[in-house]
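Student: One structure, as C-alpha cells, below. Some questions next.
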Ligand SMILES: Cc1cc2nc3c(=O)[nH]c(=O)nc-3n(C[C@H](O)[C@H](O)[C@H](O)COP(=O)(O)OP(=O)(O)OC[C@H]3O[C@@H](n4cnc5c(N)ncnc54)[C@H](O)[C@@H]3O)c2cc1C
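In the working numbering, the protein residues as written are 52 to 437.
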C-alpha cells in the first residue's frame, strides 16, 4: 500500500481532479452504474487497486490505513464515486465492523482484523436478524454457551447480506438467558464463515438475485477472544454499529445512480421539455442535494470523534425514501418497457428499469424499517410520549 498523503490539506479542486483521474483510468467500464448489489468476485480486483492506492477506507483514520478524509473531502470522494457509477463492494469490514473494532475491540483484535479487512483478505457479513427477531432485534435467540475458552453457538440468522461472499461474520448471540431485560445478556462475537457447523443458504429475491442468505449455526466453536466489547454488553456495541450502518446506508450514492438513469431516459424520450415531468424531477434532484448536506453533517460529526446519535435515523429515512421515489418515477418514465424485466431499449437508451425499482424496494426495510426509524425520531429527537 502507498504512503497516504494528507488529502485534507489539498485544495478541493486538486483533490477532485486526482480522484476523478484515478477512477476514470482504473474502474472497469462494465461495472459502471450497476443497479444491484455487486458481488465480491466482480469487485475484488477493484478493491485491490483501491487498497494499493491507500483508498480502500476513506472514512478510517490514517493510523489504520484509512484516508482520514474530513466531511468536505469525503463528499467530493462520494460525488466522484457517483459521477463515475462505481458500485459498492461488499465493504462491511470498512463501514460497519471496522469502526466498531476501533471503538470497542481489544488491541489484539484491532491489530489482527483491521489490516486484513482493509486489504480485502477478510470480507464481512452481519449476523443480526433472525426469523423472529428483526425490528425487535433484542428478542434474538441464537445462543452462545461458554465452554472453557470458547463459545458454542447454536441458532439461525436470516437476511444476511452477501454471506456467501464473506470470510467472516459478526454475530449477535445470547450469552445469558436469565437476564432480566432482553437487551441484557447479548454479546457480539466474530466467527470465520468456514468454521465447522456454519451452513450458509442463499435466498433468492424478487429480482432473481441471491443477495442475502440464511446462516445456520450448529454447535459452532469460536474462541472466547472473538468477543467484541464486554460479555453480555453486546447491545451497546450492536446499537453503535447500527448507527454506522445508518450512516453508510444514508450515503447519496444509490439515489444518485437512479437519478442519472432517470436523466438519461428523460433525455432519450424528450421529457426534459415536459413541465410536469421537470417538476417532479427537479424536486427529487433537490431532495438528493438535501441528502448530501445531511450526510456531510453526520460524516463531520464522526470525523470530530463524536458519537452518532439517534438523529442519524433521519438520514436513513431520507436516503431510502428518496431512492424509492426516484425508481418509481423511473418506471413511469419507462412506460410499457419499464415494467418488463431485463435490459430494455427505450428510445435508444438501454436500461434495466424494473431491476432498479426492485433493488430500491427493500431500502425501507434493511438496516431498520422506516417505521422503526420514525419511532426512534419521535421518541429520542422529538421526545414524544411512547
Ligand atoms: C435487502 C435486505 C438486506 C438485509 N441484510 C441484513 C443483514 O446483512 N444482516 C441482518 O442481520 N439483517 C439484514 N436484513 C434484515 C433487516 O434488518 C430486517 O428485515 C429488518 O430489521 C426488519 O425486520 P423483519 O424483516 O423481521 O420485519 P418485522 O420486524 O417483522 O416488521 C414487519 C413490519 O412491521 C413493522 N413494525 C415492526 N415493529 C414495529 C413497531 N414497533 N412500530 C411500528 N411498526 C413496526 C415494520 O416496520 C415492518 O413494516 C436485511 C433485510 C433486507 C430487506
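By construction, the Cβ of each residue, glycine as well, lies at the ideal position given by its N, Cα and C atoms.
Since this is a predicted model, take the numbers as computed values, not measurements.
1. Taking one C-beta from the segment 264-275 and one from the segment 232-250 each time, how about it: are there three or more such pairs within less than 8 Å?
2. What is the DSSP secondary structure of residue 55, counted as helix, strand or coil?
3. Out of curiosity, what's the CA-to-CA distance linking residue 98 and residue 81?
4. Look up residue 207 in the DSSP assignment and say whether it is helix, strand or coil.
5. Does the Cβ of residue 221 have 16 or more other Cβ atoms within 10 Å, making it buried, or fewer, making it exposed?
6. Take residue 434 as the anchor and find which of 369, 404 and 361 has the nearest alpha-carbon.
7. Determine the extent of the alpha helix (DSSP H) in which residue 127 is found, giving its start and end residues.
8. Quick check: is any heavy atom of ligand 1 less than 6 Å from the C-beta of residue 372?
9. Once you ignore the five residues that flank residue 94 on each side, which residues in its own chain have a CB closer than 6 Å to its CB?
10. DSSP puts residue 402 in a beta bridge; with which residues?
11. When the Cα of residue 225 is compared with those of 256, 211 and 179, which residue comes out closest?
12. Can you tell me which residues form a DSSP beta bridge with residue 201?
13. Between which two residues does the beta strand (DSSP E) containing residue 238 stretch?
14. Would you say the beta carbon of residue 221 is closer than 6 Å to some non-hydrogen atom of ligand 1?
15. The alpha helix (DSSP H) spanning residue 101 covers which residue range?
16. Under 6 Å: does the beta carbon of residue 261 sit that close to some heavy atom of ligand 1?
17. Counting C-beta neighbours from all protein chains within 10 Å, is the total for residue 46 16 or more, i.e. buried, or is it exposed?
18. Determine the DSSP secondary structure at residue 284, reduced to helix, strand or coil.
19. Any heavy atom of ligand 1 closer than 6 Å to the Cβ of residue 417?
20. Can you grab the Cα-Cα spacing for the pair residue 208 / residue 256, in whole Å?
21. Could you work out which residue in 128, 108 and 189 is closest to residue 170 when comparing CA atoms only?
22. Return the bridge partner residues of residue 178 from the DSSP annotation.
23. Using CA atoms only, rank isn't needed, just tell me which of 409, 310 and 263 is closest to residue 181.
24. Quick one: does the C-beta of residue 301 sit closer than 6 Å to a heavy atom of ligand 3?
25. Check the C-beta distance from residue 58 over to residue 101 and give it rounded, since I have them as a contact under 8 Å.
26. Are the CB atoms of residue 418 and residue 296 within a distance shorter than 7 Å?
27. Nearer than 6 Å: is that true of the beta carbon of residue 332 relative to any heavy atom of ligand 1?
28. Are any of the Cβ atoms in chain D nearer than 7 Å to that of residue 367?
29. Tell me whether the beta-carbon of residue 451 lies closer than 7 Å to the beta-carbon of residue 378.
30. Considering only DSSP beta bridges, list what residue 295 is partnered with.
31. The alpha helix (DSSP H) that contains residue 72, what's its start and end?
32. For residue 252, collect the residues of the same chain with a Cβ closer than 7 Å to its Cβ; drop the 5 residues on either side in sequence, then sort them by chain order.
33. Hey, how far is the Cα of residue 223 from the Cα of residue 286?
34. Leaving out five residues before and five after residue 73 in sequence, what residues of the same chain have Cβ atoms less than 8 Å from its Cβ?
35. Beta carbon of residue 135, beta carbon of residue 173: below 7 Å?
36. With a cut-off of 8 Å on the beta carbons, I'd call residue 354 and residue 122 a contact; round off their distance for me.
Tutor: Taking the coordinates as given:
1. Output reads yes: the segment 232-250 touches the segment 264-275.
2. The count along the chain shown starts at 1 and reaches residue 55 at position 4. Residue 55 carries a coil assignment under DSSP once its states are collapsed to helix, strand and coil.
3. Along the chain shown, one-based indexing puts residue 98 at 47. Along the chain shown, one-based indexing puts residue 81 at 30. Roughly 15 Å between the two C-alpha positions.
4. The residue given as residue 207 occupies position 156 in the chain shown. Three-state DSSP puts residue 207 in a strand.
5. As a position in the chain shown, residue 221 is number 170, starting the count at 1. Burial of residue 221 is indicated by the presence of at least 16 other C-beta atoms within 10 angstroms of its C-beta.
6. Translated into positions along the chain shown, residue 434 becomes position 383. With distances taken between Cα atoms, residue 434 lies closest to 361.
7. Your numbering for residue 127 matches position 76 in the chain shown. For residue 127, the uninterrupted alpha helix (DSSP H) run begins and ends at 122-135, by DSSP.
8. Along the chain shown, read from residue 1 onward, the residue named residue 372 stands at position 321. The answer is no for residue 372.
9. Residue mapping note: residue 94 aligns to position 43 of the chain shown, counting from 1. Here the set comprises 140.
10. One-based indexing of the chain shown puts residue 402 at position 351. DSSP lists 395 as partners of residue 402.
11. For the purposes of this step, residue 225 is identified with residue 174 of the chain shown, where counting begins at 1. Here the closest residue by C-alpha is 179.
12. Here residue 201 refers to the residue found at position 150 of the chain shown. Note: residue 201 sits in a beta bridge opposite 198 and 274.
13. Within the chain shown, numbered from 1, the residue matching residue 238 stands at position 187. Looking at the DSSP string, the run of the beta strand (DSSP E) that includes residue 238 is 237-243.
14. Here residue 221 refers to the residue found at position 170 of the chain shown. For ligand 1, not one heavy atom lies less than 6 Å from the Cβ of residue 221.
15. Here the question's residue 101 lines up with position 50 in the chain shown. The continuous alpha helix (DSSP H) containing residue 101 extends over residues 91-104.
16. In the chain shown, counting from the first residue as 1, residue 261 sits at position 210. False, no ligand heavy atom lies under 6 Å from that Cβ.
17. There is no way to answer for residue 46, as the model of the chain reaches only from 52 to 437.
18. Within the chain shown, the letter at position 233 stands for residue 284. Collapsing the DSSP output to three states places residue 284 in a strand.
19. By one-based count along the chain shown, residue 417 stands at place 366. Checking every heavy atom of ligand 1 against the Cβ of residue 417, one is found closer than 6 Å.
20. Looking up residue 208 in the chain shown gives position 157. Looking up residue 256 in the chain shown gives position 205. So the alpha carbons of these two residues sit roughly 17 Å apart.
21. For this step, residue 170 is matched to residue 119 along the chain shown. With respect to the C-alpha of residue 170, the residue from 128, 108 and 189 having the closest C-alpha is 108.
22. Numbered from 1 along the chain shown, position 127 holds the residue referred to as residue 178. DSSP lists 222 as partners of residue 178.
23. As a first step, residue 181 is located in the chain shown; it is residue number 130 there, counting from the start. Measuring from the Cα of residue 181, the nearest candidate turns out to be 263.
24. You won't find ligand 3 in this model; what it holds is ligand 1.
25. Here residue 58 refers to the residue found at position 7 when the chain shown is read from its first residue. Here residue 101 refers to the residue found at position 50 when the chain shown is read from its first residue. So it is not a contact: roughly 14 Å between Cβ atoms.
26. Translated into the one-based positions of the chain shown, residue 296 becomes position 245. Translated into the one-based positions of the chain shown, residue 418 becomes position 367. Residue 296 is a Cβ neighbour of residue 418, given a cutoff of 7 Å.
27. On the chain shown, position 281 is the one that residue 332 refers to. In this structure, residue 332 has its beta carbon at no less than 6 Å from each heavy atom of ligand 1.
28. Absence of chain D from the displayed structure is noted, only one protein chain being present.
29. In the structure as shown, the chain starts at 52 and stops at 437, and residue 451 therefore has no counterpart that could be examined.
30. Against the chain shown, residue 295 aligns to sequence position 244. Residue 295 is not bridged to any residue.
31. Here residue 72 is taken as the residue at index 21 of the chain shown, counted from 1. 63-77 is the span of the alpha helix (DSSP H), which, as asked, contains residue 72.
32. Against the chain shown, residue 252 aligns to sequence position 201. The residues are 264 and 265.
33. Taking the first residue of the chain shown as position 1, residue 223 is located at position 172. Taking the first residue of the chain shown as position 1, residue 286 is located at position 235. If you take the alpha carbons of residue 223 and residue 286, they lie about 9 Å apart.
34. In the chain shown, the residue the question calls residue 73 occupies position 22. Residues 104 and 106 of the same chain have their beta carbon placed closer than 8 Å to that of residue 73, with the five preceding and five following residues left out of the count.
35. Residue 135 sits at position 84 when you count from the first residue of the chain shown. Residue 173 sits at position 122 when you count from the first residue of the chain shown. No.
36. Taking the first residue of the chain shown as 1, we reach residue 354 at position 303. Taking the first residue of the chain shown as 1, we reach residue 122 at position 71. Contact flag correct, Cβ pair sits at about 6 Å.
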